[in-house]
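Order-wise, the sequence lines are chains Z and H. So our numbering is basically just the index in the first sequence, starting at one, shifted up by 479. So our numbering is basically just the index in the second sequence, starting at one, shifted up by 25. Idealized CB from N, CA, C, for every residue including glycine.
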Amino acid sequence: MTMPATRSVKVFLVDDHRLFRAGVQAEIGQHVTLVGDADDVDTAIQGCRATRPDVVLLDVHLPGGGGQAVIQAVHETHPDVRFLALSVSDAAEDVIKVIRAGARGYVTKTISPDDLVTAIGRVHQGDAVFSPRLAGFVLDAFAGELPPGVSSDDPELDQLTTREKEVLRHIARGYTYREVAGRLHISIKTVETHVSAVLRKLQLSNRHELTAWAAGRDLL
Amino acid sequence: MTEPQRSPHPTVPPPPARTAGDRVRSRAGRSGFQRRRDGQVVAGVASGLGARLGVDPILIRIGFAVLAFAGGAGILLYGLLWAAIPLEGDAAVRLRRPATAQQGVALALIVLGILLLLRAVGLWFGDALVGPVVLAAAGSAVLWARSDDHQRANWSRIGGRVPAGAVERAASAPVSPVRIAIGTLLVAGAAIGFIAANDALDAAGDLLLAVVAAVAGIGLLFGPWLWRLIDQLGAERRERVRQEERAELAAHLHDSVLQTLAMIQRSSDQPRRMVALARSQERELRGWLYGGATTTGPATTVAERAAHIAQEIETTHEVSVEHVTVGDAPLDDQLHALLAATREAAVNAARHAGVEVVDIYLEVDPDEALAFVRDRGRGFDPSAVPDDRHGLRGSIVDRIERHDGTATVRTTLGEGTEIELCVPRDRRRTDVPEA
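Written out as C-alpha cells, the structure is:
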C-alpha cells in the first residue's frame, strides 16, 4: 500500500466516552498528531476552530445535537476540515445522516488500530472511507429503479454506474481498496475515484429520499 | 367570635430584618398570616389559615361551613378574615406542614366551643339542624383530612419524632379502613339524625329532604375522594409505566450483559474467548436496542438468517464474522439452500483458515441470490482435499448445484479463500412476497 506517512496529520478526537478517547489516543497516538479532543458538540466546534485539525474523528451520538451538528458548524467557517465518523451504531439512519452532513467516511469502533490509521490517511487525502457495512447500505439504497413519483433533477446523481457497484460489492465482501484494485485490474487511485464519486452521490442524491429510506430500513 | 382569628397571633414571630429581601418574603410566606393564591376556593382565607396553623384547609372549610349554620357566624367570620388578611405575595415560599392529631383536635374543640357559645347566646338554627351538620362535618373531616404517606414519613424521619399512637395514625393515615368506618358512621348518623329530627315536615317535604340529605351525605363521603382519585390516577399510571420499563430493562441487562461480563472476567486468560463473548453480547444488545435483524426467534428472512449464522459461528468457533446483506427476501427453498451452504463455508473458514475474521456478503435481487464467504487465511489446494472430506463437496457445491446454482472456489495458498455461491430465484414463488 502506498499510504503516505500519517505522522504529520493533525487529528482531533470527539467522543463523549472518556475511556474510548483514551483508548484511541493510546492506539493511534504514535502514528498521527493528536491536537485535541472534546466530549460534546459545543466544545468540539470551538476546539476544531481553534486547532484547525486535518481530520476529525467524530462520534455519531453526541450530547448537544449529534455528530452532524459539529460537521455543519465547523464547515461553515472551515470547509477544509475533514470528518471521519466513528460509531458503535450500525443503524443505517445514523450512518446516512452523518454522511449526508458531510463526513467523508464511516467506520465502526471495533476497527483495528492499523485500519483506523489507514482510514485517517485516506480521509486526509480527500478520499472516501467505506466500511463493508456502509458499502452494503449504499448498494441497498441505490438498488433498482427510481421509485415512481420521485423526479430526478440530475439522473447521474441517482444511479450508480456498473463499475461503482462492482467496487462497492467488493468492499462489502471485505476487500481492501488495494485488493479491489488487484481483482478488477485497475489502480488504487481509480478505486478511490469510484468511491469518492459514490460518496458524492450519497451526499447529494435525492434518490429514495435517502434519509427516509435509512429510517425505514431500521424498522425492518 | 373573633377568638379564632386572634389566637394564632402570639406565635407569630417578630418581623424579620428588612435587608434580606428574599428571606423576608419567604419567612412572611411561611409564618405570616396571608390568604393563599394556590388552592383557594373562595378568597383563600381557609387555605391561608390552614397553612398558618398547619392544618388541612379542608378542616378549616368544614369549620366555616358548620359555623355558617350557627346563625351565619361562619359567613361573618369568613368575611371579616377576608377583609383583614392580606393576599400573599407571588414569590412567597410555601411550606406545608402536615396536620397533626393535636392540631385537628384543637381546631375541633375551638369550633365546638364557639358553637356552644353561640347556642348559649341564642344565635342558633336549632339542634335538629346544627347537630347533624356537625356530625357530618366531623365524619367528612376524619375521612378527608389530607395527609400523604411519603410526606409524613419524611417529616417523622427528619424530625426524629416518634409517631404518635393509634389516634394520630387514625387521624392522619391516608384513608385507612378505620377512618373510612368512623367517617362513614358519622356521616350516615348525621343523615339519619337529620331526617329523624325533621319528621314533623309533611310527606313531600320528607321525601325531598331525604333525597337532599342522601345526596349531601354521598357528596360528603365520595366527592373529595373522587376528586383526589382522578388526580392520582394519571400520576400513578405514569409512574407504573416508568417502573415497568425500568424493570424490563434491568431484567434484560441482568440476563445478558451482566452474565456476559461475569463470563469475560472468568476467562481473562483466554483472549479469543473474551473477544467472542464480547462480540456475541454486542450483537445481541444491538439487536435489542436498535431492532433490526434479531438474533432470537426463528429467522424468516435472508438478513435475519445471516445474523443468526454469524452469531452462531462467532460463539462456537471464537472468530469474528462480519456480515453484510444487500436486499432482503423471505426465506424459500432456494434461499434456504444458499444460506445453508454459506454457513458451511463460513464454518470451514473459521475452523481451517486460521483467521480471526470471516466476511460474509449476501445479495438478493429478484433474479438471483449471491453469497460470498471470504477469509484471509492460509488457503488450500482444492485438488488435495481428500475425498472423504465431504464438507466442501457435499455440503456446499452439490447442495448449490442441486438448486441449479453455481459454486466457485477461489483460493491461494497463504493469501486466503473466497467461496462464491449463486442460486437463481424461483420467480413463481417469490414474485408475491417480494415487498
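Limits of the alpha helix (DSSP H) - the one that residue i falls within
i, result
"proline 82 (chain H)", "82-94"
"lysine 489 (chain Z)", "Where lysine 489 (chain Z) is concerned, there is no enclosing alpha helix (DSSP H), although the beta strand (DSSP E) it sits in stretches over 489-493."
"valine 674 (chain Z)", "667-683"
"phenylalanine 718 (chain Z)", "Residue 718 (chain Z) lies beyond the range of chain Z shown here (480 to 699); nothing can be said about it."
"aspartate 594 (chain Z)", "592-603"
"valine 520 (chain Z)", "520-530"
"tyrosine 654 (chain Z)", "Note, tyrosine 654 (chain Z): premise wrong, no alpha helix (DSSP H); not H, not E."
"leucine 78 (chain H)", "70-78"
"leucine 364 (chain H)", "358-377"
"threonine 326 (chain H)", "Premise fails: threonine 326 (chain H) is in no alpha helix (DSSP H) and is neither H nor E."
"alanine 505 (chain Z)", "497-507"
"glutamine 284 (chain H)", "284-291"
"alanine 607 (chain Z)", "Careful: alanine 607 (chain Z) lies outside any alpha helix (DSSP H) and carries neither H nor E."
"histidine 554 (chain Z)", "546-556"
"alanine 571 (chain Z)", "571-580"
"arginine 470 (chain H)", "Chain H is shown only over 26 to 460; residue 470 (chain H) falls outside these bounds and no answer can be derived."
Host beta strand (DSSP E) of residue i (start-end)
i, result
"leucine 446 (chain H)", "441-449"
"serine 566 (chain Z)", "561-566"
"isoleucine 385 (chain H)", "382-389"
"alanine 432 (chain H)", "431-437"
"alanine 396 (chain H)", "393-400"
"serine 345 (chain H)", "345-351"
"threonine 587 (chain Z)", "584-587"
"aspartate 637 (chain Z)", "Neither: aspartate 637 (chain Z) is in no beta strand (DSSP E) and is coded neither H nor E."
"aspartate 533 (chain Z)", "Looking at the DSSP string, aspartate 533 (chain Z) is not in any beta strand (DSSP E), and its letter there is neither H nor E."
"leucine 513 (chain Z)", "512-517"
Exposure label - residue i; buried when at least 16 CB within 10 Å
i, result
"leucine 565 (chain Z)", "buried"
"valine 118 (chain H)", "Summary for valine 118 (chain H): the model assigns pLDDT 42, below 50, so the residue's position carries little reliability; its value from the coordinates is reported in the next sentence. Burial call: exposed."
"alanine 191 (chain H)", "Its pLDDT being 44, under 50, alanine 191 (chain H) is placed unreliably by the model, and nothing is read from it."
"proline 532 (chain Z)", "buried"
"phenylalanine 247 (chain H)", "exposed"
"threonine 320 (chain H)", "Low confidence applies to threonine 320 (chain H): its pLDDT is 49, below 50, so where it sits in the model is not reliable, and the reading given next is rough at best. Buried."
"aspartate 494 (chain Z)", "buried"
"glutamate 643 (chain Z)", "buried"
"leucine 251 (chain H)", "exposed"
"arginine 424 (chain H)", "buried"
"isoleucine 524 (chain Z)", "buried"
"aspartate 400 (chain H)", "buried"
"valine 136 (chain H)", "buried"
"glutamate 443 (chain H)", "buried"
"valine 146 (chain H)", "exposed"
"arginine 612 (chain Z)", "buried"
"glutamate 426 (chain H)", "exposed"
"valine 490 (chain Z)", "buried"
"alanine 116 (chain H)", "Here the model assigns alanine 116 (chain H) a pLDDT of 40, short of 50, so the residue's position is not dependable and the matter cannot be decided."
"threonine 641 (chain Z)", "exposed"
"threonine 367 (chain H)", "buried"
"threonine 512 (chain Z)", "exposed"
"serine 487 (chain Z)", "exposed"
"glycine 184 (chain H)", "Low confidence applies here, because glycine 184 (chain H) scores a pLDDT of 42, under 50, leaving its location unreliable; read the following figure in that light. Burial call: exposed."
"leucine 681 (chain Z)", "buried"
8 Å contact criterion, which residue i and residue j should meet: CB distance rounded
i, j, result
"aspartate 392 (chain H)", "proline 449 (chain H)", "7 Å"
"isoleucine 421 (chain H)", "alanine 432 (chain H)", "6 Å"
"aspartate 519 (chain Z)", "leucine 541 (chain Z)", "6 Å"
"leucine 364 (chain H)", "arginine 330 (chain H)", "5 Å"
"leucine 362 (chain H)", "histidine 428 (chain H)", "Residue identity differs from the one stated: residue 362 (chain H) is alanine in this sequence, not leucine. The pair is a contact, with the Cβ atoms about 5 Å apart (cut-off 8 Å)."
"leucine 387 (chain H)", "alanine 396 (chain H)", "5 Å"
"glutamate 343 (chain H)", "arginine 297 (chain H)", "5 Å"
"glycine 242 (chain H)", "alanine 206 (chain H)", "In fact, because the Cβ distance is near 15 Å, the residues do not count as touching under 8 Å."
"leucine 245 (chain H)", "valine 212 (chain H)", "6 Å"
"glycine 151 (chain H)", "leucine 84 (chain H)", "Contact doesn't hold; Cβ gap of about 25 Å is too wide."
"aspartate 516 (chain Z)", "arginine 500 (chain Z)", "5 Å"
"serine 305 (chain H)", "glutamine 336 (chain H)", "6 Å"
"valine 674 (chain Z)", "alanine 607 (chain Z)", "5 Å"
"phenylalanine 562 (chain Z)", "isoleucine 575 (chain Z)", "That pair is no contact at about 15 Å."
Amino acids of chain H, ordered along the chain, whose beta-carbon sits closer than 8 Å to that of residue i
i, result
"alanine 622 (chain Z)", "Val351, Gly352, Asp390"
Neighbour list for residue i in chain Z, Cβ cutoff strictly below 7 Å
i, result
"phenylalanine 397 (chain H)", "Arg652"
- Query: Of all the residues that make up the region 411-440 of chain H, which are near chain Z by a beta-carbon distance shorter than 8 Å?
  - Reply: none
- Going along the region 598-620 of chain Z in order, which residues come within less than 8 Å of chain H, judged by CB to CB distance? Pro611, Arg612, Ala614, Gly615, Leu618, Asp619
- Interfacial residues, the region 633-653 of chain Z to chain H, with Cβ spacing under 8 Å: Arg648, Ala651, Arg652, Gly653
- Item | Near-chain Z residues of the region 363-386 of chain H - C-beta to any C-beta below 7 Å | Asp384, Tyr386
- Message: What are the residues in the region 330-349 of chain H lying within 7 Å of chain Z by C-beta distance?
- Response: Glu347, Val349
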